[in-house]
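As structure tokens, the structure follows; a few thoughts come after it.
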Amino acid sequence: MGVYALIGRVIDGVSDVAIENGLVVVIDDTIKYAGEYNEKQIPENAEIIEAGSGTILPGFIDCHVHLCGEETAGGRSTRYDKLLGAAHEIGILLDAGFTGVRDMSANGFALARAVELGYVRGPRIMPGGRLLSITSGHCDIAGDATKEEVNKTNLTGRLCDGVDECILAARENFRQGAQFIKICATGGVSSITDNVDDVQFSFDEMKAIVDEAKRHGTYVAAHCTGNTGALQAVKAGVKCIEHGVMLQQETIDLMAENCVSLVTTLNISLNVANFPGLHPAVAKKAKLCAQANIKTIDMARKAGIRIAFGTDYSNSKNTPYAKNGREFESMVQAGMTEMEAIKAGTINAAHLMKYADRLGSLEVDKLADIVITDGNPLQDISCLADKEHIKLVMKNGVIEKLISSK
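Rendered as structure tokens:
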């Protein structure tokens, strides 16, 4: 840790306008000044870092990643190889400017602890553990394997049926360190045995999981592609809808009434139909997504729903962590303003990570998670889209990445 004065254009994650001649002062792990440039605020021993034509922003937060590790480890590897692969891959996320992520996999538990202890380099991780799914649902993708075999080997999903099994599955995740629970409330695009508008889990099953999460002081997020299952999930008490591809106005209104957030995953939604090698059933469903999802975003904005940044990336060839920032571009493509997209990936996402009081914006007494990009994202959002544009990453006041402009 040290003392730093970051000088240049500042987007603080709170204001609706940039500070063109701004200053952020960091002492140890804490922001001590953020605002208009004021030389008197710069400590004598501060290291000066100038953004030049770039922009100083809060560290980015991705609320929907899968830290599977398969791309590095290889498809035939063991769960331990995949964990080590994921331990390597999370460093890529940090280099891309992401100082926080919310994970949906079994690997997140160990990785979160390893990052916190300083054993590996990576973003803060809010682990949710394996997705809870019904038998034959979105996570039941193992062909002729039994339910028991799926639950033993699948690092992403856990099958559970009936209220008692659902409660047990949630408790198993909490036992390992889950900080939230994710369920599959509808069918999905990538699963070949269901339809996107299938309703998965009964109301009683969903409500049981929500109640269990409340007992652990947290919330449930729901994978929702179709609308009917999403509506049931909101009625059951979930606090976050993931994807929300085909939401209708009734569901949007109920989300707004109950302060339910929406996590976007637009980049995949708008582009998945063009991914090579898709199963025909997946390709057919993928074609339904793009325009429907843009409509959802428009309704959510008009309803005042908190929209948070999420990618659904797993570092596959189509979803590389180095380019998680492409979600910012897709948000703008879907009709959000550049500033709305930035807030979705900073302060709004921090609320879902349950640390908006400490992170997500450049404000006095918050932790110093800071990014400098090489351009002005209010003019060209693509300067957030690739790790090559990210010139500085600071996490907890420690410089994790610095590329000199000289």
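Residues 3 to 408 in the numbering used here are what the sequence shown lists, from first letter to last.
Glycine included, C-beta positions come from ideal geometry on N, C-alpha and C.
C-beta atoms of residue i and residue j nearer than 8 Å
{"i": "HIS225", "j": "GLU244", "result": "yes"}
{"i": "PHE330", "j": "ALA387", "result": "yes"}
{"i": "MET301", "j": "LEU249", "result": "yes"}
{"i": "ILE51", "j": "LEU95", "result": "no"}
{"i": "ILE63", "j": "PHE100", "result": "yes"}
{"i": "ILE185", "j": "LEU161", "result": "no"}
{"i": "ALA352", "j": "GLY362", "result": "yes"}
{"i": "ALA147", "j": "ILE211", "result": "no"}
{"i": "ALA336", "j": "ILE383", "result": "no"}
{"i": "LEU364", "j": "ILE44", "result": "no"}
Option nearest residue i by Cα separation, candidates the options
{"i": "ASN276", "options": "ALA283, LEU268 and ALA288", "result": "ALA288"}
{"i": "ASN229", "options": "ALA210, GLU207, VAL198 and ILE211", "result": "VAL198"}
{"i": "GLU72", "options": "ASP64, TYR82 and HIS66", "result": "TYR82"}
{"i": "VAL395", "options": "LEU380, ILE383, ASP382 and ASP376", "result": "ASP376"}
{"i": "THR313", "options": "ASN273, PRO278 and GLY110", "result": "ASN273"}
{"i": "ASN156", "options": "GLY189, CYS70, THR188 and HIS90", "result": "CYS70"}
{"i": "ASP200", "options": "ASN153, SER79, ALA232 and ASN175", "result": "ALA232"}
{"i": "GLY10", "options": "GLY54, GLN43 and GLY37", "result": "GLY54"}
Sequence-distant residues of its chain with Cβ nearer than 6 Å to residue i (five each side left out)
{"i": "ARG126", "result": "GLY102"}
{"i": "LYS408", "result": "For LYS408, the predicted model reports a pLDDT of 49, less than 50, meaning its position is unreliable and no value from the coordinates is stated."}
{"i": "LYS397", "result": "THR101 and ASP371"}
Exposure of residue i, with buried meaning 16 or more beta-carbon neighbours within 10 Å
{"i": "TYR121", "result": "exposed"}
{"i": "THR57", "result": "buried"}
{"i": "LEU354", "result": "buried"}
{"i": "SER406", "result": "exposed"}
{"i": "LYS393", "result": "buried"}
{"i": "THR267", "result": "buried"}
{"i": "CYS65", "result": "buried"}
{"i": "HIS140", "result": "buried"}
{"i": "LEU134", "result": "buried"}
{"i": "PRO60", "result": "buried"}
Close-in-space but distant-in-sequence residues of the same chain around residue i (CB under 7 Å, 5 per side omitted)
{"i": "LYS216", "result": "none"}
{"i": "GLY4", "result": "GLU49"}
{"i": "LEU380", "result": "ALA20, GLU340 and MET341"}
{"i": "GLU150", "result": "none"}
{"i": "SER192", "result": "VAL284"}
{"i": "ALA258", "result": "ALA305, GLY306 and ILE307"}
{"i": "ALA98", "result": "TYR323, ALA324, ASN326, GLY327, LYS389 and ILE392"}
{"i": "ALA88", "result": "LEU69, CYS70, GLY71, ASN109 and LEU113"}
Contacts around residue i, its chain only, beta-carbon distance under 8 Å, and the 5 residues preceding and following it disregarded
{"i": "SER138", "result": "THR195 and ASP196"}
{"i": "ASN40", "result": "LEU25"}
{"i": "ASP18", "result": "MET341"}
Neighbour flag for residue i against chain C, beta carbons, 8 Å
{"i": "ILE392", "result": "As a matter of chain content, chain C is missing from the structure shown, which is built from one protein chain."}
Near the ligand GDP: residue i beta-carbon under 7 Å from a heavy atom
{"i": "PHE203", "result": "For the ligand GDP, the structure offers nothing, since it holds no ligand at all."}
Practice task
Flag this pair as touching only if the segment 179 to 192 and the segment 108 to 118 have three or more C-beta atom pairs under 8 Å; answer yes or no.
Solution key: yes
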